[in-house]
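Trainee: Quick note: numbering that gives the first Met the number 0 has the sequence shown finishing at residue 425, numbered continuously throughout.
All C-beta atoms, glycine included, are put in the ideal place defined by N, C-alpha and C.
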Amino acid sequence: MKKNYFLLEVIPLKTSINLKDFFNSLSTALDFTYSGLSGHHRRVAYMAVMLAKKLRLPDERIRTLYMSSIIHDIGAITMRERNLLAQLEIEDPFTHSEMGYRMVKNIQFLEPMSHIIKSHHDSWRGGNPSGLRGNEIPLESRIINAVDRLDVLLNKNAAYILEQSEEAISRLSVLAGRIIDPDIFAELSELASAESFWLDLDYQFLPDLLEKLLAGYDFYVKDDMLSDDLLFDVSSLFARVIDSKSVFTHKHSRLVAAVAAKLSLVSGLSQEDADKMLMAGLLHDLGKLSVPEEILEKPGKLSPEEFRIIKKHTYYTYRILDNIPGFDEINRWASFHHEKLDGSGYPFRLNGENIPTGSRIMAVSDVFSALTEDRPYRMGLPRQRVVEILGNMSPEGLDPQVVKNLVNNYDLFEALPKRLDPLTPE
């Protein structure tokens, strides 16, 4: 069975995917704030699973709860939106929940998660857009709501976390029976009576603690085709998150992915490599979730300080994808797209033979896409100008043979942007 993405045929990669590793790594990108990595999603996931185990939920529900909680705020795309969620009682808790629901619901294997994400801010006493109240709200949503509100109450300085514990539970109690399930609050309070509960929330310990907490739960998808569908669908989901961060780049990741996959084929790579390139293209700008929108949307030239912030994004992409077993090649192709043949690129200053062919293809695809995309401050550049710029950037920066392969097939690549809607796989 083959599946089409942007009218590109995709064949199975025969990859066995561990959903825990995949979601855990990608969720890191959702935790970037103005002050750096917050660790919010991991703390919420850890507390949610602890609470679910105390409530003796079945294994399958715990697996679904974990995956829902580790990306529960996926609908809060910009740093501005995420900052607004960092308060006890949120002025508008439903917009990002609804957005997250819409993003996840069309991925068949993950559809049960969408309803949990949609209701994770539903108030216990009702008045929710869902029309649900009390025990009608999914239990998993009620669990996430309680631990999510607890997490926003905490100053994450681990040295003082025990000093905060009593006040945090006291302030959370005000929401019991009104915003959060009173029975869930009682169970959470009992868990929180142990000092270890609070000390476990130290970000440096959380990855190992989550691994141990989830040991014995099977997160593998063993069916090759289903596994590959999930890889592409979830990668497309995160591409949508990345591209939605700025009005300047609303199709960029998907266009880069489509161009890179086609350019791989005309450059002589196999269909399997082209499929990997498609996935790498979807995720190549994952680290841009660390960049404030004010910088991404600046129409003029960036200051040296702003450019230094931008240059971090490929490093973050590399580190995030590096934690996914079996993603080594996809990671290199995605993360090295700003390296240059003369060694003047970033962030690793690779040169010449140290830059893989896939990364060279991704670099050309990224530049081509950026030049041809319509932006709010300019239309996409005409063919003659694009060819001129690509030529000027090689051979010191871009691989001249890859540039030649694109230019010789320009009509093929020029037609790709028209194939990028709808956002979901066809």
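Grouping DSSP H, G and I as helix and E and B as strand, with all else coil, what is Val220?
Mentor: Residue state, collapsed to three classes: strand.
Trainee: For Met112, tell me which candidate among Trp123, Gly125 and Glu97 has the shortest Cα-Cα distance.
Mentor: With distances taken between Cα atoms, Met112 lies closest to Glu97.
Trainee: Would you say Glu139 and Ser67 are within 8 Å of each other, going by their C-beta atoms?
Mentor: A contact, by the Cβ cut-off of 8 Å.
Trainee: Check the C-beta distance from Leu153 over to Ile160 and give it rounded, since I have them as a contact under 8 Å.
Mentor: Between Ile160 and Leu153 the Cβ distance is about 7 Å, and since that is below 8 Å, they are a contact.
Trainee: Exposed or buried, what is Val173 when buried is set at 16 or more other beta-carbons lying within 10 Å of its beta-carbon?
Mentor: Classification for Val173: exposed.
Trainee: Express the C-alpha separation of Ile61 and Glu194 in angstroms, rounding to a whole number.
Mentor: Rounded to whole angstroms, Glu194 to Ile61 spans 24 Å at the Cα level.
Trainee: Give the DSSP-derived three-state secondary structure of Asn154 in the structure shown.
Mentor: Correct three-state label for Asn154: coil.
Trainee: Should Val246 go down as buried or exposed, given a rule of 16 or more other Cβ atoms within 10 Å for buried?
Mentor: Val246 comes out exposed.
Trainee: Consult DSSP for Phe326 and reduce its assignment to one of helix, strand or coil.
Mentor: Coil, per DSSP.
Trainee: Hey, quick one: how far does the alpha helix (DSSP H) through Arg377 stretch, first residue to last?
Mentor: Premise fails: Arg377 is in no alpha helix (DSSP H) and is neither H nor E.
Trainee: Could you give the uninterrupted runs of the alpha helix (DSSP H) lying entirely in the stretch 130 to 186, keeping only those of 4 residues or more?
Mentor: Counting whole runs of 4 or more residues, the stretch 130 to 186 contains the alpha helix (DSSP H) stretches 138 to 151 and 160 to 172.
Trainee: Taking only three categories from DSSP, how would you classify Thr423?
Mentor: Only weak support exists for where Thr423 lies, its pLDDT of 40 falling under 50; the coordinates are left without a value.
Trainee: Near His40, which residues of its chain fall below 6 Å by C-beta distance, leaving aside the five closest residues on each side in sequence?
Mentor: Ser26, Leu29, Asp30 and Ile69.
Trainee: Pro399 lies in the alpha helix (DSSP H); which residues open and close that run?
Mentor: Pro399 to Val406 is the extent of the alpha helix (DSSP H) around Pro399.
Trainee: For Thr77, which of helix, strand or coil comes out of DSSP?
Mentor: Of the three classes helix, strand and coil, the one that applies to Thr77 here is coil, per DSSP.
Trainee: Measuring straight from C-alpha to C-alpha, what distance separates Arg384 and Arg359?
Mentor: If you take the alpha carbons of Arg384 and Arg359, they lie about 21 Å apart.
Trainee: Relative to the C-alpha of Gln203, which residue among Asn17, Arg42, Val402 and Val406 is closest?
Mentor: Among Asn17, Arg42, Val402 and Val406, the Cα nearest to that of Gln203 is on Arg42.
Trainee: Buried or exposed: which applies to Leu326, given that a residue is buried once 16 or more other Cβ atoms fall within 10 Å of its Cβ?
Mentor: First, the residue type needs correcting, since residue 326 is Phe and not Leu in the sequence shown. When all chains shown are included, Phe326 counts as buried.
Trainee: Over the uninterrupted alpha helix (DSSP H) stretch that includes Glu435, give me the two end residues.
Mentor: Since the first residue of the chain shown is 0 and the last is 425, residue 435 is not available in this structure.
Trainee: Can you tell me whether Met378 is buried or exposed? The criterion is at least 16 other CB atoms within 10 Å of its CB, across all chains shown.
Mentor: The residue in question, Met378, is exposed, as its Cβ has fewer than 16 Cβ neighbours within 10 Å.
Trainee: Inspect the CB distances between the stretch 47 to 55 and the stretch 179 to 189 and report whether three or more fall short of 8 Å.
Mentor: The answer is yes - the stretch 179 to 189 touches the stretch 47 to 55, with three or more Cβ pairs under 8 Å.
Trainee: With a threshold of 8 Å, are at least 3 pairs of Cβ atoms found where one atom belongs to the stretch 251 to 271 and the other to the stretch 304 to 323?
Mentor: With a cut-off of 8 Å, the stretch 304 to 323 and the stretch 251 to 271 do not count as touching, because too few Cβ pairs lie within range.
Trainee: To the nearest angstrom, how far is the alpha carbon of Leu405 from that of Asp274?
Mentor: Those two C-alpha atoms are separated by around 18 Å.
Trainee: Let me know the secondary structure DSSP gives Ile89 once reduced to three states.
Mentor: Residue state, collapsed to three classes: coil.
Trainee: Please say whether His114 and Pro92 have beta carbons closer to each other than 8 Å?
Mentor: Cβ atoms of Pro92 and His114: not closer than 8 Å.
Trainee: Is Phe31 helix, strand or coil when you go by DSSP?
Mentor: Strand at Phe31.
Trainee: Since Thr77 and Lys244 are thought to touch, with beta carbons under 8 Å apart, how far apart are those beta carbons, to the nearest angstrom?
Mentor: Indeed they touch by this definition, with Cβ atoms about 6 Å apart.
Trainee: Quickly, what does DSSP pair Ile16 with across the bridge? List them, please.
Mentor: According to DSSP, which records beta bridges pairwise, Ile16 is partnered with Val220.
Trainee: Whole angstroms is fine: what's the gap from Pro57's alpha carbon to Ile241's?
Mentor: Whole-angstrom Cα-Cα distance: 34 Å.
Trainee: Pair every Cβ in the stretch 279 to 286 with every Cβ in the stretch 327 to 345, then say whether three or more of these pairs are closer than 8 Å.
Mentor: The stretch 279 to 286, when compared against the stretch 327 to 345, does touch it at the 8 Å Cβ threshold.
Trainee: Could you tell me which of Met278, Ser266, Tyr216 and Asp201 sits nearest to Leu230, measuring between CA atoms?
Mentor: Nearest of Met278, Ser266, Tyr216 and Asp201 to Leu230, Cα basis: Met278.
Trainee: Taking C-beta to C-beta, are Asp207 and Tyr45 nearer than 8 Å?
Mentor: No, the Cβ-Cβ distance between Asp207 and Tyr45 is not below 8 Å.
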